[in-house]
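Single-structure report; data block below.
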Amino acid sequence: MARRPPVAQRRAPPKPPPAGALARQARSRRPARRRRGAPRLPRRLHGPRSAARAGGRVRLLIVLPGALGDVIRALPLLGRIRRARADACLGWAVEPPSAPLLAGHPWLDRVHVFERPRGARALVPFLRRVRAERYQVALDLGRGVKSALIARASGADERIGFARADAREGSWLLATRRLPPQGIERPKLAQFLAFADALGLPPAPVEFGLAPTAEEARDAAAMTAGLDGPLVAACVGSSCPSRRWFPERTATVLRELRARHGASAVLLGAAADAPFALETLRATDGGVRDLVGRTTLRQLLAILARARLVFGPDSGALHLAAALGTPAVSLWGATSALRSTPFGCERLTVVGRAPCAPCFLRDCPIERVCMRDIATDAVMARAAAVLAQ
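For the sequence shown, my numbering begins at 1132 and goes up steadily by one.
Below you can see the structure in the form of structure tokens.
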């Protein structure tokens, strides 16, 4: 057993501080008392920082770097914030694919683009630009750890995110406040608007604030010149192969719409969809123009604004069409129509039935049986109803 040191070498117990010092320490640890009649800063979009530090103006950052469809469905949240706080400084952290949609948007003051493919070389200057804005509130709409870390690194004192049940990768741990659980089947647009509820903002109409510029409208007119009759846009691609329909069925719908309604069509999609588009084009009998991989995002917007009708599987292009007021017939199998149907087009959905649907898989191991269940007659019925109006 170790021997105890001599009494002279033992440490004397610390002397208790004077009673007055204890009282001062206790007072210093208490939260500052809010003056009677002063607004509750963090909870009601008045900003948790002082007016001097924030420049007397609420500064709010939306963090949603990802998919085009998600960015589009978050625009009504942006509009609701802008309606409630016309003087606020509103920023958005986004990645390059969706950035052109936000550039010059009338409701936004700042667009922070994170060039993720460049890695750390882009991350440091990106975060420096975000922090320089001194945001007070960050809304993490991204659910994953990437968007949560951006919100945390922004320096915002108030960070609102999804509940644990709706988040991934532990991202909910970085939020200072979380929404109530939203549930997997609640429409994403409504889930995003729940952030406005958390901020105590009044209800507002669902608006997207999107429209082509005059130059973009001229480009779209030139790209569709010579196509007579009502213009139909077939959006043939999707970010996940499991969501795609089939070239021969797409061509059948286009042939029928031309025969019955005199419609012309454009094929739209990314460059990776070119083989699908070529196979579709070969199965049609004229009046179809292949624009797959040949449009910018802003040109796509302008073409969709010109169209009378859009149809295709779950994709960002369908959400863009609906945001512009163009009816969108959407085809569903691997993903949930309840959660993701384009806004205002709920009656134009066609859902393929399968025991495993919706599976939310990127690649289907059983040859997309849910999408094979979608017959051309069902698509034609909804498309014809739109063109007959």
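Glycine included, C-beta positions come from ideal geometry on N, C-alpha and C.
Could you pull out every residue in the same chain whose Cβ sits closer than 7 Å to the Cβ of Thr-1383, ignoring the five residues on either side in sequence?
Here residue 1383 refers to the residue found at position 252 when the sequence shown is read from its first residue. Closer than 7 Å at the Cβ level, and outside the excluded window around Thr-1383, lie Thr-1507.
Give, in chain order, every unbroken run of the alpha helix (DSSP H) that is at least 4 residues long and sits entirely within the segment 1314 to 1358.
1319 to 1329 and 1345 to 1354
Tell me where the alpha helix (DSSP H) around Thr-1472 begins and ends.
Here residue 1472 corresponds to residue number 341 of the sequence shown, with the count starting at 1. First-last for Thr-1472: undefined, no H or E at that position.
Could you give the first and the last residue of the continuous beta strand (DSSP E) run that contains Glu-1289?
By one-based count along the sequence shown, residue 1289 stands at place 158. 1289 to 1292 is the span of the beta strand (DSSP E), which, as asked, contains Glu-1289.
Going by the beta-carbon positions, is the gap between Ser-1395 and Leu-1428 smaller than 7 Å?
In the sequence shown, residue 1395 corresponds to position 264, counting from 1. In the sequence shown, residue 1428 corresponds to position 297, counting from 1. Result no, Cβ atoms of Ser-1395 and Leu-1428 do not sit closer than 7 Å.
Indicate whether the contact test is met: 3 or more Cβ pairs, each with one atom in the segment 1392 to 1409 and one in the segment 1363 to 1375, closer than 8 Å.
yes
Which residue from Ala-1198, Ala-1294, Gly-1301 and Ala-1327 puts its Cα closest to that of Gly-1314?
Mapped onto the sequence shown, residue 1314 falls at position 183. Ranking Ala-1198, Ala-1294, Gly-1301 and Ala-1327 by Cα distance to Gly-1314 puts Ala-1294 first.
According to DSSP, residues forming a beta bridge with Pro-1604
In the structure as shown, the chain begins at 1132 and stops at 1520. Residue 1604 is therefore absent and cannot be evaluated.
List the residues that DSSP assigns as beta-bridge partners of Gly-1443.
Taking the sequence shown and counting its residues from 1, one reaches residue 1443 at position 312. Per DSSP, Ser-1461.
Considering just the uninterrupted stretch of the alpha helix (DSSP H) at Gly-1200, what are its terminal residues?
Position 69 of the sequence shown, counted from the start, is the residue given in the question as residue 1200. Segment 1199 to 1215, the alpha helix (DSSP H) holding Gly-1200.
Can you tell me where the beta strand (DSSP E) holding His-1243 begins and where it ends?
Your numbering for residue 1243 matches position 112 in the sequence shown. Where His-1243 is concerned, the enclosing beta strand (DSSP E) stretches over 1241 to 1244.
Ile-1193 - containing beta strand (DSSP E), residue span:
The residue you call residue 1193 lines up with position 62 of the sequence shown. Segment 1190 to 1194, the beta strand (DSSP E) holding Ile-1193.
Counting Cβ pairs, one atom from each stretch, are 3 or more of them under 8 Å apart for the segment 1435 to 1442 and the segment 1406 to 1426?
no
So, at 6 Å on beta carbons, what are the nonlocal neighbours of Cys-1220 in its own chain, with the 5 sequence-adjacent residues on each side left out?
If you number the sequence shown from 1, residue 1220 lands on position 89. Once the five neighbours on either side are set aside, the close Cβ partners of Cys-1220 are Arg-1188, Arg-1190 and Asp-1240.
Rounded to whole angstroms, what is the Cα-Cα separation between Arg-1081 and Gly-1340?
For residue 1081 there is no data in the structure shown, the boundaries of the chain being 1132 and 1520.
Assuming Glu-1316 and Gly-1275 are in contact, meaning their beta carbons sit under 8 Å apart, how far apart are those beta carbons, in whole angstroms?
Counted from its first residue, the sequence shown places residue 1316 at position 185. Counted from its first residue, the sequence shown places residue 1275 at position 144. Going by Cβ atoms, the distance from Glu-1316 to Gly-1275 rounds to 20 Å, so no, they are not a contact pair.
Helix, strand or coil: which one does DSSP assign to Asp-1271?
Translated into the one-based positions of the sequence shown, residue 1271 becomes position 140. Residue state, collapsed to three classes: strand.
Based on DSSP bridge pairs, tell me the residues matched to Val-1397.
For the purposes of this step, residue 1397 is identified with residue 266 of the sequence shown, where counting begins at 1. In the DSSP output, where bridge partners are listed per residue, Val-1397 has Ala-1364 and Arg-1420.
Assuming Cys-1487 is part of the alpha helix (DSSP H), what are its boundary residues?
Residue mapping note: residue 1487 aligns to position 356 of the sequence shown, counting from 1. Premise fails: Cys-1487 is in no alpha helix (DSSP H) and is neither H nor E.
Taking its Cβ as the centre, do 16 or more other Cβ atoms sit within 10 Å of Asp-1218, making it buried, or is it exposed?
Working through the sequence shown from its first residue, we reach residue 1218 at position 87. Asp-1218 is exposed by the Cβ-count criterion.
Given that a residue counts as buried once 16 or more other Cβ atoms are within 10 Å of its Cβ, and exposed if not, what is Phe-1323?
Within the sequence shown, numbered from 1, the residue matching residue 1323 stands at position 192. So Phe-1323 counts as buried.
Taking DSSP as the reference, what is the three-state secondary structure of Leu-1153?
Position 22 of the sequence shown, counted from the first residue, corresponds to residue 1153. Below a pLDDT of 50, predicted positions are generally treated as unreliable, and Leu-1153, at 37, falls in that range; the measurement from the model is reported next regardless. Reduced to three states, the DSSP call for Leu-1153 is helix.
Decide yes or no for the touch test of the segment 1467 to 1477 against the segment 1342 to 1356: beta carbon pairs closer than 8 Å, at least 3 of them.
no
Look at the alpha carbon of Pro-1486 and the alpha carbon of Ser-1471, and state the distance between them as a whole number of angstroms.
As a working note, residue 1486 is residue 355 in the sequence shown. As a working note, residue 1471 is residue 340 in the sequence shown. Rounded to whole angstroms, Pro-1486 to Ser-1471 spans 20 Å at the Cα level.
What separation, rounded to the nearest whole angstrom, lies between the Cα atoms of Pro-1406 and Arg-1413?
If you number the sequence shown from 1, residue 1406 lands on position 275. If you number the sequence shown from 1, residue 1413 lands on position 282. C-alpha separation (whole angstroms): 11 Å.
First and last residue of the uninterrupted beta strand (DSSP E) at Cys-1220:
The residue you call residue 1220 lines up with position 89 of the sequence shown. Element bounds for Cys-1220: 1220 to 1225.
I'd like the list of long-range same chain contacts for Ile-1291, defined as Cβ closer than 8 Å, with 5 residues on each side in sequence excluded.
Taking the sequence shown and counting its residues from 1, one reaches residue 1291 at position 160. Once the five neighbours on either side are set aside, the close Cβ partners of Ile-1291 are Val-1268, Ala-1269, Leu-1270, Asp-1271, Ala-1306, Thr-1307, Arg-1308, Arg-1309, Leu-1310, Phe-1326, Ala-1329 and Leu-1330.
Quick test of your reading: Phe-1368 and Gly-1418, contact by CB under 8 Å. State the CB separation rounded to the nearest angstrom.
Position 237 of the sequence shown, counting from 1, holds the residue named residue 1368. Position 287 of the sequence shown, counting from 1, holds the residue named residue 1418. The sequence shown places Gly at residue 1368, not Phe. Contact doesn't hold; Cβ gap of about 21 Å is too wide.
Give me the Cα-Cα distance between Gly-1222 and Leu-1192, rounded to the nearest whole angstrom.
Residue mapping note: residue 1222 aligns to position 91 of the sequence shown, counting from 1. Residue mapping note: residue 1192 aligns to position 61 of the sequence shown, counting from 1. One C-alpha to the other measures close to 5 Å.
Report yes if the CB atom of Arg-1211 is closer than 7 Å to the CB atom of Ala-1287, and no otherwise.
Taking the first residue of the sequence shown as 1, we reach residue 1211 at position 80. Taking the first residue of the sequence shown as 1, we reach residue 1287 at position 156. No, they are not a contact pair.
Does the beta-carbon distance from Leu-1320 to Phe-1491 come in below 7 Å?
Taking the first residue of the sequence shown as position 1, residue 1320 is located at position 189. Taking the first residue of the sequence shown as position 1, residue 1491 is located at position 360. No. Outside cutoff.
Taking three-plus beta-carbon pairs below 8 Å as touching, is the segment 1200 to 1208 in contact with the segment 1450 to 1458?
yes
Can the beta-carbon of Thr-1381 be found less than 7 Å from the beta-carbon of Thr-1411?
The count along the sequence shown starts at 1 and reaches residue 1381 at position 250. The count along the sequence shown starts at 1 and reaches residue 1411 at position 280. For Thr-1381 and Thr-1411, yes; Cβs fall inside 7 Å.
Let me check understanding here. Comparing Cα to Cα, which of Leu-1232, Ala-1342, Trp-1238 and Ala-1284 lies closest to Ala-1436?
Here residue 1436 corresponds to residue number 305 of the sequence shown, with the count starting at 1. Answer by Cα proximity: Ala-1342.
Would you say Ser-1278 and Val-1194 are within 7 Å of each other, going by their C-beta atoms?
In the sequence shown, counting from the first residue as 1, residue 1278 sits at position 147. In the sequence shown, counting from the first residue as 1, residue 1194 sits at position 63. Going by C-beta atoms, Ser-1278 is nearer than 7 Å to Val-1194.
Using CA atoms only, rank isn't needed, just tell me which of Glu-1498, Met-1502, Asp-1494 and Arg-1493 is closest to Val-1482.
Start at 1 with the first residue of the sequence shown, and residue 1482 comes out as number 351. Nearest C-alpha to Val-1482: Met-1502.
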